[in-house]
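Novice: In this note's numbering, the protein residues as written are 20 to 350.
Provided herewith is a single structure, encoded as structure tokens, for subsequent inquiry.
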Ligand code: DGY
């Protein structure tokens, strides 16, 4: 019997690939770069599964080009805003993610941004590298602000938000949060987290960290009105998706000192253009979408993406399914 075919859109950690090799014919692009749509349209023909990353837009054209064999799209990411879920569900195509696997790594990076922003870690490093440290210890050199005792606002207390809250408790931060749905009292108590309205979150956070999933309802959720509500001393951190913040408005807020700074791991357009004004603004830390970028996390993501794919093609439940309405068709 012919082996089923899987299209792997780009070079990812090899752990999962080794698992898939045993059962499937694998079609690669063999480059670490995201393929163009044209390349994908060619490679995807007649495949039963696609293993993609967050940079590849998987829309109805790609699903059409794959044809009726296509049963599963397994993304090597937690976010799935790059996949047309409605279209996939209509066609009975399962969409799976690596949800939960990268929460701890992303939470670590979030705390890294909070620490680096509030304690001016990058400025200090550059000061030495640039040969400017001439006078030894100085009473008012790079004075930052306390993390201890400050208020952390978490927008979206899901898996990653929860991992951030656990770490913030270690720093003795006051934790407030806003979610689409309020969490149970017992979870709130366990995390020392207080539910507040969206506006209260904006007004009271010293650090506002975004961890909500991106969808059409929260496009530019943080815009002029929201930025003007934030404290002048506050920092905005985003490790979720760039389009939750209106970047033009954020640049205005930073230039006009409506807020004290921002730590951004995600952008409206990735990679960020070298003309983007964020590059010229002080008190901003920019990272090239590194949330899940640890060796251990990427290994687990690779395995989980492969297991999800194999489970669906073996008619078994995957570890994390987006279109759960299709679950009833699986054993
Ligand atoms: C994801 O997997 O959605 C993250 O953004 C990767 O860092």
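The beta-carbon is built from N, C-alpha and C at its ideal position, and this holds for glycine as well.
These numbers were taken from a predicted model, which means no experiment stands behind them.
1) Inspect the CB distances between the segment 236-251 and the segment 136-153 and report whether three or more fall short of 8 Å.
2) Compute the Euclidean distance between the alpha carbons of residue 346 and residue 336, then round it to the nearest angstrom.
3) So does residue 310 have its beta carbon nearer than 6 Å to some heavy atom of the ligand DGY?
4) With a threshold of 6 Å, establish whether the CB of residue 73 neighbours any heavy atom of the ligand DGY.
5) So who's on the other strand from residue 71, going by DSSP bridges?
6) Can you check the segment 25-69 for any beta strand (DSSP E) of at least 3 residues that lies completely inside it and give the ranges in chain order?
7) Which whole-angstrom value describes the C-beta separation of residue 58 and residue 84, a residue pair presumed to lie in contact below a C-beta threshold of 8 Å?
8) At what residue ranges does the segment 281-315 contain a whole run of the beta strand (DSSP E), taking only runs of 3 or more?
9) Determine the closest residue to residue 257 out of 130, 91, 51, with distance taken between C-alpha atoms.
10) Using only the heavy atoms of the ligand DGY, determine whether one of them is closer than 6 Å to the beta carbon of residue 98.
11) Going by alpha carbons, who is nearest to residue 95 out of 211, 218, 194, 26?
12) Would a C-beta distance cut-off of 7 Å place residue 89 and residue 112 closer than the cut-off?
13) By Cβ distance, which residues of its chain are closer than 7 Å to residue 116, with the 5 residues on each side in sequence left out?
14) Chain B beta carbons: is any one of them nearer than 7 Å to that of residue 266?
15) So residue 175 packs on residue 195, CB below 8 Å; how close in whole Å?
16) Of the residues 328, 322, 227, which one's Cα is nearest the Cα of residue 114?
17) Only counting the same chain, and skipping five residues up and downstream in sequence, which positions put a Cβ closer than 6 Å to that of residue 217?
18) Work out the CA separation of residue 222 and residue 61 for me, nearest whole Å.
19) Tell me the DSSP secondary structure of residue 275 in three-state form.
20) Taking Cβ positions, are residue 225 and residue 170 nearer each other than 7 Å?
21) Suppose you measure from the CA of residue 323 to the CA of residue 312; what does that come to, to the nearest Å?
22) Determine which residues share a DSSP beta bridge with residue 87 and list them.
23) Span of the beta strand (DSSP E) holding residue 193?
24) Please report the distance separating the alpha-carbon of residue 300 from that of residue 199.
25) Could you tell me which residues DSSP pairs with residue 212 in its beta bridges?
26) Tell me whether the segment 279-295 and the segment 245-255 touch, counting them as touching only if at least three CB pairs, one residue from each stretch, are closer than 8 Å.
27) Does the beta-carbon distance from residue 101 to residue 132 come in below 7 Å?
28) My guess is that residue 210 and residue 185 are in contact by the Cβ rule of under 8 Å, so how many angstroms apart are they, rounded?
29) Could you check which residue in 70, 326, 76, 163 has the C-alpha nearest to that of residue 92?
30) Roughly how many whole angstroms lie between the Cα atoms of residue 53 and residue 208?
31) Look up residue 108 in the DSSP assignment and say whether it is helix, strand or coil.
32) Tell me where the alpha helix (DSSP H) around residue 264 begins and ends.
33) Taking residue 33 as the reference, give the member of 233, 23, 51, 124 with the closest Cα.
Specialist: Result, derived from the coordinates:
1) no
2) 7 Å
3) At least one heavy atom of the ligand DGY falls within 6 Å of the beta-carbon of residue 310.
4) yes
5) 94
6) 44-47
7) Not really, about 11 Å apart at Cβ, beyond 8 Å.
8) 303-305
9) 130
10) yes
11) 26
12) yes
13) Answer for residue 116: 94, 96, 97, 99, 339, 341, listed in chain order.
14) Protein chain content of the structure displayed is limited to a single chain, and chain B is not contained in it.
15) Not a contact, Cβ separation roughly 13 Å.
16) 328
17) 197
18) 50 Å
19) coil
20) yes
21) 16 Å
22) Note: residue 87 sits in no beta bridge, so no partner.
23) 193-197
24) 32 Å
25) According to DSSP, which records beta bridges pairwise, residue 212 is partnered with 194.
26) yes
27) Going by C-beta atoms, residue 101 is not nearer than 7 Å to residue 132.
28) 7 Å
29) 70
30) 43 Å
31) helix
32) It is not in any alpha helix (DSSP H) - residue 264 carries neither H nor E in the DSSP assignment.
33) 51
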